[in-house]
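Chains as they are written, first to last, in our numbering: chain A, 86 to 450; chain B, 86 to 450. In what follows, a structure is listed as structure tokens, so that the remarks can point back to it.
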């Protein structure tokens with residue numbers, strides 16, 4: 086006997102039945118693409134990663150260390166905090182998810198700015214948490230009053246912001262920390278390309294948590310390692326919710342090797358920043374409005390040769406680049422972001438190739 | 086200004102504030118231990134894993150494939166199901182967690198047997214879900230009527246059971262599938278050491294999901310890869326909740342290489358089963374009650390030389406072994422499990438060493 090009418094989706098919780106999945110950037114299968122759509126590093130990871138990973142293969146029959154202790158201690162040393170202030174995740178997304186699960190419910194909201202990293206919304210929806218969106222002004226100055234007014238127990242701030250690439254001022258973030266009654270999470274995925282970090286504020290503000298990732302500046306997006314720094318009591322709480330073996334042996338070993346290779350890290354960051362300077366100059370020569378970038382991507386508003394811009398113009402350039410096998414990212418769902426395109430900083434050669442295709446488009450648009 | 090009175094734990098949701106973390110088996114730091122406490126494989130993983138992982142290092146700057154497509158397809162081929170019936174997780178714990186999040190709430194319970202894998206309880210507590218425990222009888226026959234009577238939308242069945250090692254009969258599981266109104270999850274972490282698998286029932290029962298892991302028979306506990314098979318609609322639902330990049334590149338590549346090395350897998354399973362037979366015989370010679378094992382561990386009730394057994398006797402042997410640097414597992418919190426000890430099947434040499442230390446203990450106990 087079978088149960089032909091059984092529908093596993095109808096049986097799910099109501100908010101899960103209607104859930105929209107997060108849509109990650111396209112990961113093309115097959116070669117020949119210039120991939121400037123998910124802010125990956127255009128250089129290899131540290132050469133120390135391969136031997137560190139290889140040395141761990143023989144231990145794969147054994148479970149990994151539950152708290153990633155060696156990596157956790159090295160992260161603590163690097164940031165000059167204590168090991169009990171560090172939690173390591175299967176990507177920083179893992180830690181962000183734990184925060185949502187610990188603090189949000191249908192009655193208790195999570196504050197986010199719009200625009201910001203759109204995964205927050207998905208994680209809040211999975212939790213059936215209340216979403217409290219605060220619009221950023223076109224100036225992209227931090228709307229401290231409006232954020233404080235949410236009264237939310239938890240706030241995510243992509244800092245520097247994505248997808249705009251703009252850094253909030255340290256003064257405005259500190260003003261927020263003083264007045265916000267809940268936990269402020271600075272999602273510093275891109276901070277290695279910026280001028281200041283919230284890590285220096287940790288000692289003064291127990292309501293501050295800073296998240297970081299190995300996916301961007303370390304060139305380890307494929308390894309899935311992130312971490313967060315904060316008050317030891319908050320870390321202890323999140324550790325209780327964390328999967329006991331959330332980060333595998335190879336990921337722990339690879340991230341540790343990359344973290345300890347400080348000179349390589351500094352070198353690739355300098356290269357990305359230099360390319361960013363040159364690319365921003367080329368956009369300025371086109372006369373396109375581009376936000377000042379403190380990240381490894383730029384957010385620019387394409388214009389046709391006769392100075393028009395908007396959703397359709399951005400879509401036209403996106404399509405033209407796609408047809409030339411160059412992937413970038415568009416954000417058509419919000420008036421502030423719709424006329425813009427987000428372009429990751431690749432190698433100099435990749436940016437030159439991109440500029441040539443943009444020239445082509447501008448001549449015909 | 087700082088906020089000295091701020092307490093991040095007080096701010097958390099009530100059920101999170103009181104949450105007890107899952108306690109994984111001890112992972113000793115430092116050598117010299119015989120580790121028979123977390124059912125790891127005592128042999129290396131397939132020799133194909135190292136080159137597959139090494140080949141992936143150069144791609145680490147790029148995010149992994151979001152749905153682990155190559156691994157997903159290979160798993161589908163291996164089990165003769167379609168790729169849209171497979172979901173890959175960061176360990177099978179990841180998929181179990183997604184199931185809890187999709188189906189359980191304070192009003193809608195999850196049914197589990199007692200004893201079984203204790204992580205279920207932790208995941209249900211994190212979700213603030215209702216826990217519906219059904220006691221196994223000492224015979225360890227499946228209590229079909231009691232499970233059906235829960236009316237729960239979701240049921241986890243460790244099959245074969247842990248920590249007892251006993252396999253439920255296929256008839257009893259099929260009887261449950263016919264009558265249970267929710268989803269039945271067969272957690273087949275140990276099934277490669279057993280005589281039957283629920284995979285053959287998938288085509289007949291859309292309310293069946295089978296979870297598997299690479300942590301046990303494949304010798305890849307350190308890599309964190311598991312998967313589940315089920316109705317395509319259920320997989321689609323869980324994929325919406327899944328972290329977009331839940332399994333890293335090295336884990337995807339390593340698990341795929343291990344999966345495709347069928348002869349190595351068969352060889353190590355045969356070795357474990359042969360050692361299990363010999364070890365079970367040695368326990369029978371001691372006259373200890375031992376459940377028939379369909380797993381890579383045994384559950385045995387130690388007796389003193391004058392035939393006493395119980396919680397304290399089990400604790401005494403556990404301590405004696407610990408002091409001899411042999412790690413096994415005890416389950417003192419339930420009358421059915423308290424007099425027993427769970428011992429993973431190691432190499433023949435490890436089991437010989439264990440038996441010597443048990444002899445020592447019996448002479449003095």
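Just so you know, even glycine gets a beta-carbon here, dropped at the ideal spot from N, CA and C. The structure displayed is predicted, hence computed values, not measured ones.
For a cut-off of 8 Å, the C-beta gap from residue 249(B) to residue 384(B) is around 5 Å, short enough to register as a contact.
Not flagged as an interface residue toward chain B: residue 411(A), since no C-beta distance is shorter than 8 Å. Rounded to the nearest angstrom, the gap between the Cα atoms of residue 125(A) and residue 162(A) is 26 Å. For residue 292(A), the residues of chain B that pass the 9 Å Cβ criterion are 88, 91, 93, 96, in the order they occur in the chain. Interface annotation, residue 169(A): not in contact with chain B, CB-CB separation never under 8 Å.
When rounded, the separation of the alpha-carbon atoms in residue 103(B) and residue 190(B) is 17 Å. Following the DSSP letters along the chain, one finds residue 351(B) inside the alpha helix (DSSP H) bounded by residues 347 to 371. By the CB criterion at 8 Å, residue 251(A) and residue 379(A) fall inside the cutoff. Shortest Cα-Cα distance from residue 110(B) to any of 419(B), 436(B), 411(B), 259(B) involves 411(B). Within its own chain, the residues whose Cβ lies closer than 8 Å to the Cβ of residue 317(B), once the five positions on either side in sequence are excluded, are 167, 169, 170, listed in chain order. When 7 Å is used as the limit between beta carbons, residue 202(A) is near no residue of chain B, the shortest such separation being about 12 Å. When the five nearest sequence neighbours on each side are left out, no beta carbon in the same chain lies closer than 6 Å to the beta carbon of residue 258(A). Taking 8 Å as the cut-off, the Cβ atoms of residue 224(A) and residue 283(A) do not count as close.
Within its own chain, the residues whose Cβ lies closer than 6 Å to the Cβ of residue 346(B), once the five positions on either side in sequence are excluded, are 131, 133, listed in chain order. A Cβ-Cβ separation of about 19 Å leaves residue 202(A) out of contact with residue 238(A) under the 8 Å criterion. Here DSSP, grouped into helix, strand and coil, assigns residue 107(A) to coil. Residue 107(B) is positioned such that its CB atom lies closer than 8 Å to that of residue 204(B). Cβ neighbours of residue 415(A) within its own chain (closer than 7 Å, five residues either side excluded): 399, 400, 403, 426. By alpha-carbon distance to residue 215(A), the top candidate from 371(A), 222(A), 325(A), 236(A) is 236(A).
Looking at the backbone, the Cα of residue 241(A) and that of residue 220(A) are separated by about 13 Å.
Under the DSSP assignment, residue 429(B) falls outside any alpha helix (DSSP H), being part of the beta strand (DSSP E) whose first and last residues are 426 to 429. Straight across, the Cα-Cα distance linking residue 150(B) with residue 192(A) is about 36 Å. With respect to residue 303(A), residue 350(A) sits close: the two C-beta atoms are nearer than 8 Å.
With the criterion set as a beta carbon lying under 7 Å from some beta carbon of chain B, the region 408 to 440 of chain A has no members that meet it. A Cβ of chain B is located within less than 8 Å of the beta carbon of residue 139(A).
With contacts defined as CB atoms closer than 8 Å, residue 180(B) and residue 341(B) fail to qualify as a contacting pair. Less than 8 Å separates the beta-carbon of residue 338(A) from that of residue 137(A). Within the region 205 to 242 of chain B, the complete beta strand (DSSP E) runs of at least 3 residues fall at 215 to 220.
With contacts defined as CB atoms closer than 8 Å, residue 122(A) and residue 430(A) fail to qualify as a contacting pair. At the C-beta level, residue 381(B) and residue 265(B) stay beyond 8 Å of one another. Partner residues in the beta bridge of residue 272(A), as assigned by DSSP, are 243(A), 296(A). In the three-state reduction of the DSSP assignment, residue 407(A) falls in the helix class. Bounds of any beta strand (DSSP E) do not take in residue 193(A), whose DSSP letter is neither H nor E. Distance from the CA of residue 307(B) to the CA of residue 330(A), rounded to the nearest whole angstrom, comes to 9 Å. 102, 104, 105, 106, 107, 108, 109, 110, 112, 114, 120, 123, 125, 126, 127, 128, 129, 130: these are the residues of the region 102 to 131 of chain A whose beta carbon lies less than 9 Å from some beta carbon of chain B, given in chain order. Judged by DSSP secondary structure, residue 313(B) falls within the beta strand (DSSP E) whose first and last residues are 311 to 314.
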